[in-house]
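S.K.: Position in the sequence shown (from 1) plus 99 gives the number in the numbering used here.
Note that the Cβ used here is the ideal one computed from N, Cα and C, for glycine as well.
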Amino acid sequence: WCHEAGCNYMLIVVSIRQRYPGHAKQAGVVASQCHGGAYLGRYVIVVDEDIDPSNITEVLWALATRSDPASSIDILRRCWSGPLDPIIRKEQKGFNSRAIIEACRPFEWKESFPEVSGLSPELRRKVKEDWSKELIRIGALNGE
């Protein structure tokens, strides 16, 4: 998914079902270097299949709860860029760097990773039904 917040190319999110060690990193590198993702790319975030890559809130949640900055981020240098890249100095145009971020359950212990907690669909519906006016008033619900 290419997010509009990332000017489409600069923020790509890939959702995968991890099948083997290194799969998340491999998916991120491929997404950052294939023709569609390579030009002007900046960030690739790889999430598990339970995360909707088009939902930025879910993506940020996965980033906050499933990645460790010291071990989940790789930087690729001298990648394909172009003259439209606003952060690259004129004399360096043509190259930029990429961050590949694994925001997935660690493969080697994903089966014992803590379960996601949340409201059941029934309870969510009941809360909206009982509290929608107040939630809209405080800005926690946009008239849904």
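1. Rounding to the nearest angstrom, what Cα-Cα distance links K227 and K189 in this structure?
2. How about V143 and I200: do their beta carbons lie closer than 8 angstroms?
3. Thinking just about the alpha-carbon of each residue, which of P152, C106, K124 is nearest to the one in V113?
4. Does E201 come out as helix, strand or coil in the three-state DSSP assignment?
5. Could you tell me whether the Cβ atoms of L110 and D184 are closer together than 8 angstroms?
6. Hey, would you say A169 sits closer than 8 angstroms to V145, going by beta carbons?
7. Below 8 angstroms between beta carbons: does that hold for R204 and R165?
8. In whole angstroms, what is the alpha-carbon distance linking G217 and S211?
M.R.: Based on what the coordinates show:
1. A straight-line Cα-Cα distance of about 52 angstroms links K227 and K189.
2. Yes, these two residues count as a Cβ contact at 8 angstroms.
3. For the options P152, C106, K124, the alpha carbon positioned closest to that of V113 is the one of P152.
4. E201 falls in the strand class under three-state DSSP.
5. No, they are not a contact pair.
6. Cβ atoms of A169 and V145: not closer than 8 angstroms.
7. Yes, these two residues count as a Cβ contact at 8 angstroms.
8. A straight-line Cα-Cα distance of about 18 angstroms links G217 and S211.
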